[in-house]
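Residue numbers in the sequence shown follow the numbering used here, run continuously in steps of one, and reach 255 at the last position.
Positions of the beta carbon are idealized from the N, C-alpha and C atoms, including for glycine.
Keep in mind that this is a model prediction, so the values were computed, not measured.
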Amino acid sequence: MKNQNIRAIIFDFDGTLADTLDAIRAAVNNTMRHFGHPEKSRDEVRLAIGDGALKLISRVLPKDLATDAAYVGRVLDYYSDEYAHTFLMTDRCYPGMQEAIAGLVRRGYRLAILSNKPDRFIRELTELLFREDEICFAAGQTGLPVKPNPTSALLTASKLGVEPAECAFVGDSDIDILTGRNAGMTTVGCTWGYRDARELERAGADFIIDRPAGLLELFPKI
Numbered sequence: 034m035k036n037q038n039i040r041a042i043i044f045d046f047d048g049t050l051a052d053t054l055d056a057i058r059a060a061v062n063n064t065m066r067h068f069g070h071p072e073k074s075r076d077e078v079r080l081a082i083g084d085g086a087l088k089l090i091s092r093v094l095p096k097d098l099a100t101d102a103a104y105v106g107r108v109l110d111y112y113s114d115e116y117a118h119t120f121l122m123t124d125r126c127y128p129g130m131q132e133a134i135a136g137l138v139r140r141g142y143r144l145a146i147l148s149n150k151p152d153r154f155i156r157e158l159t160e161l162l163f164r165e166d167e168i169c170f171a172a173g174q175t176g177l178p179v180k181p182n183p184t185s186a187l188l189t190a191s192k193l194g195v196e197p198a199e200c201a202f203v204g205d206s207d208i209d210i211l212t213g214r215n216a217g218m219t220t221v222g223c224t225w226g227y228r229d230a231r232e233l234e235r236a237g238a239d240f241i242i243d244r245p246a247g248l249l250e251l252f253p254k255i
């Protein structure tokens with residue numbers, strides 16, 4: 034079993050630890066209104082997230098404008114300012130997630146968070162939602178290549194003091210599964226987020242779980 038030698042677990046944030054969709058959608062639609070574009074539905078925003086803010090904005094803009102780099106840049110800057118006002122709408126984890134995190138810590142696992150979201154938001158949300166002794170390392174986008182490039186995942190494993198093969202990567206999208214696979218880690222897909230089990234299966238997830246308590250079933254005491 035690929036989970037037998039795991040000592041550390043890296044979590045995606047959006048759609049994995051917490052439902053951030055309302056906060057993101059609020060910022061997106063404030064931005065769309067400002068630039069005179071139609072607002073986006075919850076499903077439209079859900080399908081656009083996961084690859085960082087630049088890809089998000091490119092996906093929600095009209096196609097004829099999504100390839101105009103200068104325009105996309107202006108919209109992205111406005112969106113980033115708007116999200117700075119809405120991101121704290123995310124004020125709780127998914128039901129059962131905090132209990133799962135606490136249980137994994139008690140079992141001896143070192144935990145980290147890795148997101149394509151800007152770093153300052155991830156750090157503040159981590160401080161808001163988790164105890165200081167639960168998350169050993171948290172990082173968002175700092176200029177390194179975004180997921181699924183494995184650079185940040187490998188750096189995170191190093192920060193946790195483990196080899197990639199001793200690490201599991203948990204996320205709700207194909208981007209997360211591919212990140213873990215590219216880094217040589219065990220991958221766990223979760224179906225309570227923004228993608229479905231078929232996408233996780235196609236990406237090659239080693240395990241798929243449908244509730245946070247499944248983490249405690251998958252990872253026994255070290």
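Rounded Cβ spacing between residue i and residue j (contact assumed at less than 8 Å)
i, j, result
"Y116", "I90", "Not really, about 11 Å apart at Cβ, beyond 8 Å."
"A41", "A133", "Going by Cβ atoms, the distance from A41 to A133 rounds to 15 Å, so no, they are not a contact pair."
"K73", "N62", "6 Å"
Beta-carbon proximity check, residue i vs residue j, cutoff 7 Å
i, j, result
"N149", "V105", "no"
"L177", "T184", "yes"
"A171", "R156", "yes"
"I43", "F202", "yes"
"A259", "L211", "Residue 259 is absent from the structure shown; the chain starts at 34 and stops at 255."
"A81", "T119", "no"
"L147", "T175", "no"
"L54", "R79", "yes"
"D209", "D101", "no"
"T159", "A56", "no"
"K254", "R140", "yes"
"L233", "I241", "yes"
"A186", "G217", "no"
Identity of the residue in the options nearest residue i by Cα
i, options, result
"L121", "G213, R58 and D84", "R58"
"N38", "E196, I208, R235 and R139", "E196"
"D207", "D229, R156 and G85", "D229"
"C126", "F252, A102, L144 and G48", "G48"
"D243", "G204, D209 and A216", "G204"
"G226", "M130, L161 and D101", "M130"
"D166", "R40, V108 and L137", "L137"
"R164", "S191, T64 and L144", "L144"
Start and end residues, beta strand (DSSP E) containing residue i
i, result
"F24", "The question about residue 24 has no answer here: the residues shown for the chain are numbered 34 through 255."
"N63", "Not the beta strand (DSSP E): N63 falls in the alpha helix (DSSP H), residues L54 to H67."
"R143", "R143 to P151"
"G173", "F170 to Q174"
Alpha helix (DSSP H) segment containing residue i, residue limits
i, result
"R107", "A102 to T119"
"A81", "R75 to A81"
"G85", "Where G85 is concerned, there is no enclosing alpha helix (DSSP H), given that its DSSP letter is neither H nor E."
"E132", "M130 to R139"
Whole runs of the alpha helix (DSSP H) within the stretch 180-253, excluding any shorter than 4 residues: 184-193, 207-215, 230-236 and 247-251
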